[in-house]
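Structure first, commentary second.
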Amino acid sequence: MTLKQLTLPSAAVLLAWYDRHHRDLPWRVSPSMAARGILPDPYHIWLSEVMLQQTTVAAVKAYFAKFVSRWPTVGDLAAAPVDDVMAAWAGLGYYARARNLKKCADAVASEHGGRFPDTEEGLRALPGIGDYTSAAVAAIAFDRQAAVMDGNVERVISRLYAISTPLPAAKPLMKQKVVALTPPVRPGDFAQAMMDLGATICTPKRPACALCPFNGSCEALQLHDPEHFPVKAAKKTKPVRQGAAFVAVNDAGKILLRRRIDSGLLGGMTEVPTTAWTARIDGDMTVDAAPFAANWQACGTVVHVFTHFELRLSIFRASVGARSKSNDGWWEPVTNLDAQALPTVMKKAIAQAIPRAFD
DNA sequence: CACGCGTGGGT
DNA sequence: TACCCAAGCGT
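Numbering follows this note's numbering, with no gaps: position 144 of the first sequence is 144.
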């Protein structure tokens with residue numbers, strides 16, 4: 001059988017699709033505005049791009065609104081205490097992003113006069129800004145001809161050219177293809193169009209090829225197998241770890257909290273006292289590792305799945321006197337937990353011990 | 001280059 | 001249900 005002749009993919013075709021089908025997002029300006037030279041606020045683009053790293057648009061929207069309302073400029077963010085930023089980021093995950101966000105704001109304020117660098121290279125030198133984010137901010141906020149490659153673009157490109165080399169080995173080739181396709185005009189719209197296409201049409205499962213502006217150019221569609229791309233290495237099985245968490249409430253209605261060290265898992269975030277999280281040993285955890293002696297009561301287990309392991313936390317609760325001391329940490333009113341930098345796993349642990357803690 | 005690093009939504 | 005995975009970065 002003969003295959004239908006494919007046309008070369010064209011940036012102009014994608015931009016025309018984007019003019020009609022772009023998503024309206026809080027950090028964007030519309031393509032018609034951008035066409036008149038109205039560029040978005042670099043602070044908004046940078047903030048949204050960092051939040052969107054490995055995170056869905058739906059999860060980011062509320063956090064973006066909260067951050068912009070509370071810290072309207074990068075200078076405001078630089079002036080904020082880092083613990084306030086961590087608390088505002090709590091629940092969004094990948095907390096190194098929040099620490100680097102603050103470091104980046106500090107650098108922009110103190111070393112760049114409060115303005116973001118307007119080139120890919122200048123942006124790339126800042127904390128938390130890598131290959132993707134530097135290209136995205138340069139293209140979207142500064143109209144630079146930078147080629148953006150994220151997970152969406154990888155999927156679109158891998159299908160357009162039926163690239164069968166598995167990721168991440170295929171990235172250099174994919175980058176070549178994106179560079180060749182990125183136009184000198186409207187590079188920011190082109191980048192956003194590629195990502196919108198990947199998010200709404202060229203989806204991982206059941207792509208809507210009939211609606212795709214590239215459906216006359218797509219080698220994977222011609223092979224009748226777009227879902228096969230991109231090819232990825234097999235995943236490893238997720239190990240299980242086990243630990244115990246201790247929720248102490250004193251007579252004044254305060255709970256004992258601690259701050260985790262800045263590095264590693266949940267770095268710089270707030271926690272209730274816990275044991276180390278070790279490779280699973282069958283059987284229940286005991287109270288031997290409690291922060292102090294008390295009438296600890298077992299109150300169930302919390303299961304929480306991280307990226308690289310599953311955690312099974314045995315939860316213990318104790319009521320103690322108001323004058324109880326602890327070697328480290330502080331006593332926080334249960335009514336003020338919403339203002340703390342508590343990651344989701346810790347909120348689940350506290351809610352297990354105090355079911356109405358977050359009402 | 002491989003790994004550590006969160007969470008919630010979609011299927 | 002049990003996956004999959006989403007606008008990646010740092011080491």
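Don't be surprised by glycine CBs; every beta carbon is placed ideally from N, CA and C.
Between V74 and the set L101, R241 and R97, the nearest pair of CA atoms involves L101.
Take the alpha-carbon of K66 and the one of C218: they are about 40 Å apart. H21 sits in a helix when the DSSP states are folded into three classes. Bridge pairing for A318: A248 [DSSP]. The Cβ atoms of T275 and A289 sit closer than 9 Å to each other. Contact check for A339 against S314 fails: the beta carbons are separated by 9 Å or more. Scanning its chain for C-beta atoms nearer than 7 Å, with the 5 sequence neighbours on each side dropped, one finds around M174 the residues M149, E154, I157, S158 and I163, in chain order. V303 carries a strand assignment under DSSP once its states are collapsed to helix, strand and coil. A Cβ-Cβ contact shorter than 9 Å links R115 with V108.
With a threshold of 16 other beta carbon atoms within 10 Å, A88 meets it and is buried. The Cβ atoms of P9 and L211 lie no closer than 9 Å to each other. Ranked by how close their Cα comes to the Cα of Q242, the residues Q54, P187, G198 and F309 have F309 in first place. Nearest C-alpha to V13 among L52, M194 and G130: M194. DSSP places E332 in the uninterrupted beta strand (DSSP E) bounded by W330 to P333.
Residues A139 and Q145 of the same chain have their beta carbon placed closer than 6 Å to that of P187, with the five preceding and five following residues left out of the count. Shown here, T200 sits in a helix according to DSSP, grouped into three states. Nearest neighbour of D189 by Cα position, chosen from A349, C209 and I38, turns out to be I38.
When beta bridges are read from the DSSP output, A279 appears opposite R241. Minimum Cα-Cα distance from H44 among the listed residues D19, A90, A279 and T133 corresponds to T133. Residue burial is scored here from C-beta neighbours: N336 has fewer than 16 other C-beta atoms within 10 angstroms and is therefore classed as exposed. As computed with DSSP, R312 is found in a beta bridge with Q242 and V303. The beta carbon of V320 is closer than 6 Å to those of A248, N250 and A294 in its chain, skipping five residues each way along the sequence. Taking all protein chains in view, the Cβ of M33 is surrounded by fewer than 16 other Cβ atoms within 10 Å, so the residue is classified as exposed. Per the coordinates, the alpha-carbon of P355 lies some 10 Å from the alpha-carbon of A349.
The Cβ neighbour count for Q54, taken over all protein chains shown within 10 Å, is under 16; the residue is labelled exposed. Counting of Cβ neighbours within 10 angstroms places V178 among the buried residues, the total reaching 16 or more.
Within its own chain, the residues whose Cβ lies closer than 7 Å to the Cβ of M51, once the five positions on either side in sequence are excluded, are V60, Y63, F64 and L92, listed in chain order. Under the DSSP assignment, L181 falls in the alpha helix (DSSP H) whose first and last residues are K171 to L181. Residue range K254 to R259 is occupied by the beta strand (DSSP E) that includes K254. Burial of D196 is indicated by the presence of at least 16 other C-beta atoms within 10 angstroms of its C-beta. In the DSSP assignment, H44 falls within the alpha helix (DSSP H) that extends over P42 to M51. Residue burial is scored here from C-beta neighbours: I261 has fewer than 16 other C-beta atoms within 10 angstroms and is therefore classed as exposed.
The Cβ-Cβ distance between R28 and P42 does not fall below 9 Å. In this structure, DSSP gives L167 an extended state, which the three-state scheme calls strand.
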